[in-house]
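Per the working numbering, the sequence shown starts with residue 31, numbered consecutively.
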Amino acid sequence: MSSALYIVYGDRAYDLTTILLNKLSPETGLKADAKVLIKPNLVVAKPWQSGATTNPEIARAVIDYFRGRGFHQLIIAEGAWIGCDTKRAFDACGYSDLSMKTGVDLLDTKHDVMVKKTFNGDVFEISKAAVEADLIVNLPVIKGHCQTRLTCALKNMKGVISDREKRRFHADGLHEPIARLNTFFPNVLTIADGIYGDIDFEEGGNPVKMDTMLASLDRVLLDAYAANLLGYKPEDIGYIPLAAKAGIGSMDLSDDRIIRLNQPTVTRTFTHSARISRLRAYIDERDACSACAGNLFRALHMLDESGRLPRLPEKIHVGQGFKSDNKGDGWIGIGRCACRDLTCAGCPPSAADIKAYLESL
């Protein structure tokens, strides 16, 4: 399967989701009675501002989009991680209210009938609703993970398996089982929430505001790009090349496959944890877009965690306010507006590019 990746910048989750849906037209080819399963990331009972869970406005936009085109067999399905009650997550994350207002049912996949599916002799227990869905609208959060480094499109599908399966996945090292699980879902649209995302863990607490959303029919492509956003190569995330090898999608990040629908704009709402506040001491920010500043924070965090944060002669400049400054020798700038040459002048540059640039200094 080959598909483009669409990127849109901003923080109005409902509007951005609608823009992406209109570009992708995921209803094409579906019958009027198609079953559409909406799969957010509600791993824990924390609001979306924590960087752990999917903004319910994204799910609301999906509901309105499909209903506006005559589709009414919609369901929101999720199974929180082991030890967390999914109903508590539905309540805390705003999905119980969303269900009440829209009339779309919530399904705790932990209590669904489990269907056994086999891949090369490996048996999986998967929610019947997910198996029977004609289309899965996958709504992950772009965030870090303490074991797999990244959790996004491919890993978010773990929410449709039983708790027993989740334990087995961890015992088997996560990467191979995640890749194999995704072979059972041929029709998936992923819309990834990168407005807020935790830089470390899937449970939230260290959110960085990036004002970025991604959408694609290719989960592998989307995850490859998301890995780059967080400062990794796709090959660093074991399940991404395994999924590509299994034929689920492609890791090809050629420019002709990446479609940006707008440019990042300046937003002044930077809400960061104490850890991120410490990293701000390295930054001179002036009218920065969240996408650019967020990627810089991620790159600095990765260098800090690995003990490779460089001693710099001056602060790192980022933001549109530096466009007209005299960028003499020793100037360190990130992004097209503040960079003195083409070294790290993307709009925005990825965390991986920023990390490599800072390591070279």
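Even glycine gets a Cβ: it sits at the ideal position worked out from N, Cα and C.
Pairwise C-alpha distance: residue j and residue i
i	j	result
G258	A382	Checking the sequence shown, residue 258 turns out to be Asn, not Gly. If I take the Cα positions, the gap works out to 6 Å.
G200	T83	The question names Gly, but residue 200 in the sequence shown is His. Those two C-alpha atoms are separated by around 21 Å.
A64	C182	25 Å
I364	Y312	12 Å
T301	G261	Residue confidence is low: T301 scores 47 on pLDDT, short of 50, so the model does not pin down where it sits. Its coordinate-derived value is still stated next. Each residue's alpha carbon lies about 20 Å from the other.
A75	D115	8 Å
P207	L342	42 Å
K53	A245	9 Å
A321	L330	14 Å
L388	E335	14 Å
P271	A323	29 Å
R97	Q350	40 Å
E87	I346	34 Å
R198	N71	20 Å
R42	E344	35 Å
L169	A89	8 Å
M243	L180	16 Å
A386	G376	13 Å
V348	A163	45 Å
R308	F214	44 Å
S390	E108	43 Å
D282	L247	14 Å
Secondary structure of residue i, DSSP reduced to three states
i	result
D285	helix
A254	helix
S246	strand
T214	Rather than Thr, the amino acid found at residue 214 in this sequence is Phe. F214 falls in the helix class under three-state DSSP.
A34	coil
Y125	helix
F101	coil
E335	helix
C322	helix
V143	coil
K61	coil
I278	coil
V74	coil
K345	coil
T373	coil
P294	coil
T301	Low confidence applies here, because T301 scores a pLDDT of 47, under 50, leaving its location unreliable; read the following figure in that light. It is coil, neither helix nor strand.
A222	strand
Y44	helix
Cβ neighbours of residue i in the same chain (closer than 6 Å, five flanking residues each side left out)
i	result
L339	L333
K158	D142, V143 and V145
W361	R370
V92	I68 and V167
Y95	L51
N85	A43, W78 and D223
Neighbourhood of residue i by C-beta distance below 7 Å, restricted to the same chain and skipping five residues each side
i	result
T299	Here the model assigns T299 a pLDDT of 48, short of 50, so the residue's position is not dependable, and the following value carries that caveat. Excluding sequence neighbours, T299 sits near K239.
F352	R316, G363, C367 and A368
N212	L184, M187, R249, A273 and I278
R328	I229, V238, L260, G261 and A381
E195	F154 and E155
R99	E57
I384	N325, L326, A329, I364 and C374
Sub-8 Å separation of residue i and residue j beta-carbons
i	j	result
H141	E232	no
S280	L251	yes
N292	Y39	yes
I106	L60	no
P77	A122	yes
G337	N236	no
K173	G227	yes
L67	I166	yes
H205	Y269	yes
A134	A110	A quick correction: the sequence has Val, not Ala, at residue 134. Not closer than 8 Å, so no.
P294	P378	yes
D202	I112	no
V171	D223	yes
T132	V190	no
A276	A209	yes
I289	T178	no
Own chain partners of residue i with C-beta closer than 8 Å, once the 5 adjacent residues on each side are dropped
i	result
I49	V38 and L291
A62	G100 and F101
Closer than 8 Å to chain C by CB, residue i
i	result
L251	Of the chains in the structure shown, none is chain C; there is only one protein chain.
**Request:** Determine contact between the stretch 33-46 and the stretch 145-155, defined as no fewer than three beta-carbon pairs at a distance below 8 Å.
**Result:** no
**At least 3 beta-carbon pairs within less than 8 Å: the stretch 205-220 vs the stretch 342-360** = no
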